[in-house]
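Engineer: The opening position of the sequence shown corresponds to residue 1 in UniProt numbering, with each subsequent residue numbered one higher. Could you have a look at this structure, given as structure tokens, before my questions?
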Amino acid sequence: MILFNDARYAERWSVFLNKQLDPLVTLVTAAQNERTASLMALSGNPAAVAELQTARSATDASLGQIAVLAPEMGELHPDAVAKSNPAFAVLAPQAPLIRQGVDLRRATFPEVDAFYTQLAGVIAMGLEGLALYTPDSQVAAEQVSAADLMRMADLQSRALGLASGALMRSDDGQLRPEDRRDVAQLVGSYRNQVSALSARLTEGGTARMDALTSSREWQMIVRAEDELGLSGTLPMPLTDWQAAEKHVGTELLGIVKDHMGYANTLATQAAGRSSDRATWAGIGVATTTLIALALAVLQANLLVNRLRRLRSHSLELANNTLPSIVQRIHEGEEVDIDTETAMLDDHQDEIGQVAEAFGVAQRVAMTEAAAEARTRAGFNKVFLDIAYRSQVVVRRQMDVLDLAESKQEDPEHLELLFQLDHLATRARRNAENLLILGGGQPGRRWRESVSLEELVRSAVSETEDLTRVSAIRVPETRVVGNAVADLIHLLAELIENAQVYSPPQSLVSVHGNLVGRGVVVEVEDQGLGIRADERERLNSLLSNPPDFQQMALAGQRNLGLFVVAQLSGRHGITVSLQDSAYGGVKAIVLIPTTLLDPRGDDGSFDATTTGRHRTIEEFQAVTGRPVPRPNADRNLQLPPWPGTEPAAQPLTGSLELGELPGQHSDTGGGSGPHTRAGWRQRTPSRTRAPLPQRHRQTHLVPELRIDDEQRAVEPEGLAEVARPVDDIRSSMSSFQRGTRQGREAGPHDDY
1 MILFNDARYA ERWSVFLNKQ LDPLVTLVTA AQNERTASLM ALSGNPAAVA ELQTARSATD
61 ASLGQIAVLA PEMGELHPDA VAKSNPAFAV LAPQAPLIRQ GVDLRRATFP EVDAFYTQLA
121 GVIAMGLEGL ALYTPDSQVA AEQVSAADLM RMADLQSRAL GLASGALMRS DDGQLRPEDR
181 RDVAQLVGSY RNQVSALSAR LTEGGTARMD ALTSSREWQM IVRAEDELGL SGTLPMPLTD
241 WQAAEKHVGT ELLGIVKDHM GYANTLATQA AGRSSDRATW AGIGVATTTL IALALAVLQA
301 NLLVNRLRRL RSHSLELANN TLPSIVQRIH EGEEVDIDTE TAMLDDHQDE IGQVAEAFGV
361 AQRVAMTEAA AEARTRAGFN KVFLDIAYRS QVVVRRQMDV LDLAESKQED PEHLELLFQL
421 DHLATRARRN AENLLILGGG QPGRRWRESV SLEELVRSAV SETEDLTRVS AIRVPETRVV
481 GNAVADLIHL LAELIENAQV YSPPQSLVSV HGNLVGRGVV VEVEDQGLGI RADERERLNS
541 LLSNPPDFQQ MALAGQRNLG LFVVAQLSGR HGITVSLQDS AYGGVKAIVL IPTTLLDPRG
601 DDGSFDATTT GRHRTIEEFQ AVTGRPVPRP NADRNLQLPP WPGTEPAAQP LTGSLELGEL
661 PGQHSDTGGG SGPHTRAGWR QRTPSRTRAP LPQRHRQTHL VPELRIDDEQ RAVEPEGLAE
721 VARPVDDIRS SMSSFQRGTR QGREAGPHDD Y
């Protein structure tokens with residue numbers, strides 16, 4: 001066991017040495033280049049300032065690689081990096097301060113040179129620490145030589161940096177005496193080490209060093225360095241000398257890298273020898289236990305196969321079968337739990353007991369899911385029953401109000417009845433909200449297509465503050481009957497939402513346009529708007545509505561928008577919220593082409609329409625009478641409540657304000673939202689009493705009555721009162737629309 005541990009340690013050691021070779025050499029190279037560029041930048045060299053950022057980026061990248069390797073070496077052998085890692089941790093954070101001093105030209109040459117010299121020294125210190133704990137002695141000796149070679153190469157780089165910076169700083173191109181002394185010391189140190197370390201190199205390293213010292217670049221730097229030490233001047237151009245120095249520095253670092261690679265090769269070979277020894281020792285032990293293992297494997301295979309089958313069946317059941325069964329249970333399907341959860345393993349040993357425990361857990365989960373589904377279905381049924389009952393009450397209330405309105409002649413009382421009727425209409429919409437939240441559908445239905453303008457006005461009539469809605473301008477197109485009820489409900493929710501979240505005195509505009517994919521209806525308010533993140537959340541709710549239970553548990557109260565999302569998803573309608581130019585919110589509803597009746601109008605606006613529409617307050621002021629209640633879908637009939645007597649049939653007959661053509665309920669009754677244009681209705685089975693007829697001057701005192709003869713006399717001097725042009729134009733437009741709607745009502749006369 002000890003042999004195997006030693007072999008494994010030697011192998012990990014050799015792998016780490018090979019891994020840290022390139023990052024260490026790269027860091028030393030980057031540090032040397034940044035030092036030279038920093039010293040020249042301190043002297044005001046523009047080219048060095050431009051190169052400085054590139055050199056710093058290379059140094060930072062190398063520092064990042066070393067920062068990753070340092071903890072790994074600490075885990076492999078903490079004592080080997082007991083000195084280098086703390087020194088590196090202290091030195092690395094100082095780099096930004098040194099760089100800032102260089103950029104501001106506040107740092108000194110000795111400070112910059114000392115920082116980068118310490119950085120290279122930490123690398124050499126790390127190599128020496130590794131050598132102390134290397135398993136093989138020959139490898140340790142070569143690693144020490146590599147550390148000495150790295151220090152020698154750094155001395156040559158220091159001489160280049162100090163001399164270049166000092167020459168740039170000098171006005172006459174000559175080194176100062178103190179600079180000459182520093183450069184001469186550095187040059188002498190690295191030349192002595194070149195001579196001393198050549199004997200410790202490998203055969204290839206010695207040949208490479210001899211080739212370097214015989215090269216033209218080496219001769220150039222020797223002549224230049226000697227002249228700098230003697231006179232402080234260069235015998236050649238500065239750029240030629242710097243190029244030669246950089247070539248020599250690159251070759252020296254190449255020799256360092258080759259020697260480190262040689263040491264790593266020796267470490268790998270030593271690890272292989274250690275592994276061979278451990279292998280031969282292991283063969284002896286393996287031979288002894290081979291027969292026992294063969295018998296154990298046979299038994300283990302049987303157990304493993306059973307465990308694999310148990311795992312596969314368990315994963316299949318957990319990932320696919322169980323979610324499918326739970327979904328079917330939630331959808332109301334009856335599921336035989338015993339049949340769906342077959343035994344995974346019928347053995348009586350420990351594995352069989354584990355399989356049985358899995359089966360019990362799965363059956364319990366399915367049983368709980370079934371109970372939860374039944375509970376949810378029960379609550380949902382109660383929820384829908386309450387909503388249906390509320391709707392029945394509202395319908396009866398509206399029938400009673402309808403009867404009361406037909407018998408009332410007092411304008412003030414009639415206006416109160418209209419207000420009650422409006423509240424009842426809103427109550428009906430709230431009851432339909434409950435139906436939609438519970439997964440049901442409102443009872444209102446239309447067989448025939450309906451004009452989009454009448455549909456929008458019907459939606460406005462179901463809102464709280466309908467007098468604030470103005471500028472209703474939509475294309476003359478028609479919506480198919482099966483989408484009318486839901487679209488009215490959807491638009492009513494959006495319009496009322498715009499009314500609630502905008503100032504009471506502001507207006508809400510509704511207008512639409514034909515687009516390539518259908519018709520767009522825009523509802524725009526003048527409120528305070530909403531935050532961008534909140535708008536994104538609401539748009540996500542509108543495009544992907546969550547489960548109602550999840551939304552309720554999350555504490556979200558956007559029930560109106562949830563209803564809008566449910567209705568839009570049912571018909572493929574796209575609803576989105578955007579910022580309004582008025583600071584509020586603009587809701588954009590895209591009604592797809594599939595919901596438009598191709599037999600309807602071509603979608604163009606009336607030629608007589610000016611684009612100006614009166615608000616309801618203006619209409620009341622002009623006519624001088626109360627606002628007619630927008631009577632939407634009055635005679636909706638719902639199925640009778642179980643255990644109760646059937647509701648009385650609603651009174652039918654000629655409508656007071658007209659209806660949307662083609663509307664019907666699930667029970668066959670119902671009328672559409674009332675408009676100014678009347679639609680004839682089929683003769684009912686029972687009729688109500690006719691409305692009272694007004695007679696002129698009935699309530700006048702005798703002194704004020706005018707007989708027929710007096711009425712026939714035209715008063716003199718009574719000039720005709722001139723009407724405003726806008727009123728005349730609006731009246732003519734209304735008259736033209738009414739006549740057109742009357743002509744279009746022909747196919748529906750027998751409804």
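Positions of the beta carbon are idealized from the N, C-alpha and C atoms, including for glycine.
For a quick check, are the C-beta atoms of histidine 422 and leucine 455 less than 9 Å apart?
Structural biologist: Against a cut-off of 9 Å, the Cβ pair of leucine 455 and histidine 422 comes out as no contact.
Engineer: What did DSSP end up calling serine 685 once you bin it into helix, strand or coil?
Structural biologist: With a pLDDT of 37 at serine 685, under the threshold of 50, the modelled position of that residue is not reliable, and the figure given next carries that caveat. Coil at serine 685, not helix or strand.
Engineer: Could you please give the first and the last residue of the uninterrupted beta strand (DSSP E) stretch that includes glycine 518?
Structural biologist: First-last of the beta strand (DSSP E) with glycine 518: 518-524.
Engineer: Does lysine 257 pass the burial test, meaning 16 or more other C-beta atoms within 10 Å, or should it be called exposed?
Structural biologist: Counting Cβ neighbours within 10 Å, lysine 257 comes out buried, since at least 16 surround it.
Engineer: Going by beta-carbon coordinates alone, are alanine 224 and serine 14 separated by less than 9 Å?
Structural biologist: Cβ distance not < 9 Å, so alanine 224 and serine 14 don't count as in contact.
Engineer: The alpha helix (DSSP H) with proline 177 in it runs from where to where?
Structural biologist: It spans 177-197 - the alpha helix (DSSP H) in which proline 177 sits, taken as one unbroken run.
Engineer: Taking the alpha carbon of residue 752 as the point to measure from, which residue in Leu310, Ala373 and Asp336 has its own alpha carbon closest?
Structural biologist: A query on residue 752 cannot be resolved here, the shown segment of the chain reaching from 1 to 751 and no further.
Engineer: Under the DSSP definition of a beta bridge, which residues are partnered with threonine 574?
Structural biologist: Leu590.
Engineer: First and last residue of the alpha helix (DSSP H) that includes asparagine 45?
Structural biologist: Segment: none, asparagine 45 is in no alpha helix (DSSP H) and carries neither H nor E.
Engineer: Can you give the Cα-Cα distance for phenylalanine 16 and valine 102, rounded to whole angstroms?
Structural biologist: The straight-line gap from Cα to Cα measures roughly 36 Å.
Engineer: Can you confirm whether the segment 234-243 touches the segment 176-185 when touching is taken to mean that 3 or more C-beta pairs between the two stretches lie within less than 8 Å?
Structural biologist: Output reads no: the segment 234-243 does not touch the segment 176-185.
Engineer: Tell me whether alanine 199 is buried or exposed, calling it buried when 16 or more other Cβ atoms sit within 10 Å of its Cβ.
Structural biologist: Answer is exposed; the Cβ neighbour count stays below 16.
Engineer: Which of the three DSSP states is assigned to isoleucine 436 in this structure?
Structural biologist: Of the three classes helix, strand and coil, the one that applies to isoleucine 436 here is helix, per DSSP.
Engineer: So what does DSSP say about residue 819, is it helix, strand or coil?
Structural biologist: Given that the chain is displayed from residue 1 to residue 751, the structure contains no residue 819 and the question cannot be resolved.
Engineer: Closest to valine 194 by CA distance: which of Thr425, Leu253 and Ala431 is it?
Structural biologist: Of the candidates Thr425, Leu253 and Ala431, the one whose C-alpha sits nearest the C-alpha of valine 194 is Leu253.
Engineer: Judging by CA-CA distance, which residue of Glu128, Ser324, Val392 and Ala67 is the nearest neighbour of alanine 80?
Structural biologist: Cα-wise, what sits closest to alanine 80 is Glu128.
Engineer: Going by the beta-carbon positions, is the gap between alanine 70 and glutamine 143 smaller than 9 Å?
Structural biologist: Not a contact, by the Cβ cut-off of 9 Å.
Engineer: Determine which residues share a DSSP beta bridge with serine 14 and list them.
Structural biologist: Serine 14 is not bridged to any residue.
Engineer: Between the Cα of alanine 67 and those of Leu52, Leu42, Pro93 and Thr54, spot the shortest distance and give me the residue it belongs to.
Structural biologist: Cα-wise, what sits closest to alanine 67 is Pro93.
Engineer: What is the DSSP secondary structure of asparagine 544, reduced to helix, strand or coil?
Structural biologist: Coil, per DSSP.
Engineer: Taking C-alpha atoms, which residue in Leu24, Tyr133, Tyr190 and Thr29 lies nearest to leucine 155?
Structural biologist: Of the listed residues, the one whose Cα sits closest to leucine 155 is Tyr190.
Engineer: Would you kindly report the start and end of the unbroken alpha helix (DSSP H) that includes residue 756?
Structural biologist: No statement about residue 756 is possible, as the shown extent of the chain runs from 1 to 751 and does not include it.
Engineer: Using DSSP bridges, identify the partner residues of valine 285.
Structural biologist: BP columns for valine 285 are empty, so no partner.
Engineer: What's the C-alpha gap between serine 580 and glutamate 476?
Structural biologist: If I take the Cα positions, the gap works out to 25 Å.
Engineer: Less than 8 Å between the CB atoms is what I'm expecting for isoleucine 591 and valine 521, so what's the real figure, rounded?
Structural biologist: Between valine 521 and isoleucine 591 the Cβ distance is about 7 Å, and since that is below 8 Å, they are a contact.
Engineer: Output the distance between the C-alpha atoms of alanine 47 and methionine 152, rounded to the nearest integer angstrom.
Structural biologist: In a straight line, the C-alpha of alanine 47 is about 28 Å away from that of methionine 152.
Engineer: Measuring only the C-alpha atoms, how far is alanine 196 from alanine 131?
Structural biologist: Taking the straight line joining both Cα atoms gives about 20 Å.
Engineer: Looking at serine 449 and valine 484, is the spacing between their C-beta atoms short of 9 Å?
Structural biologist: Result yes, Cβ atoms of valine 484 and serine 449 sit closer than 9 Å.
Engineer: CA-CA distance, lysine 381 and aspartate 349?
Structural biologist: Computed Cα separation, rounded: 48 Å.
Engineer: Pairs of beta-carbons, one from the segment 405-418 and one from the segment 352-367, closer than 8 Å: are there three or more?
Structural biologist: No, because fewer than three Cβ pairs between the segment 405-418 and the segment 352-367 fall closer than 8 Å, the two stretches do not touch.
Engineer: For leucine 149, which option in His259, Gly126, Pro504 and Ser215 has the closest C-alpha, if you only look at C-alpha atoms?
Structural biologist: Nearest option by C-alpha distance: His259.
Engineer: Would you identify the three-state DSSP class for isoleucine 530, choosing helix, strand or coil?
Structural biologist: Coil, per DSSP.
Engineer: In the structure shown, what three-state DSSP assignment does leucine 507 receive?
Structural biologist: Coil, per DSSP.
Engineer: Could you work out which residue in Gly284, Ala424, Gly272 and Val469 is closest to aspartate 136 when comparing CA atoms only?
Structural biologist: With distances taken between Cα atoms, aspartate 136 lies closest to Gly272.
Engineer: So, helix, strand or coil for valine 335, using DSSP?
Structural biologist: Three-state result, valine 335: coil.
Engineer: At the level of alpha carbons, what is the spacing between leucine 541 and alanine 587?
Structural biologist: Their Cα atoms are separated by approximately 14 Å.
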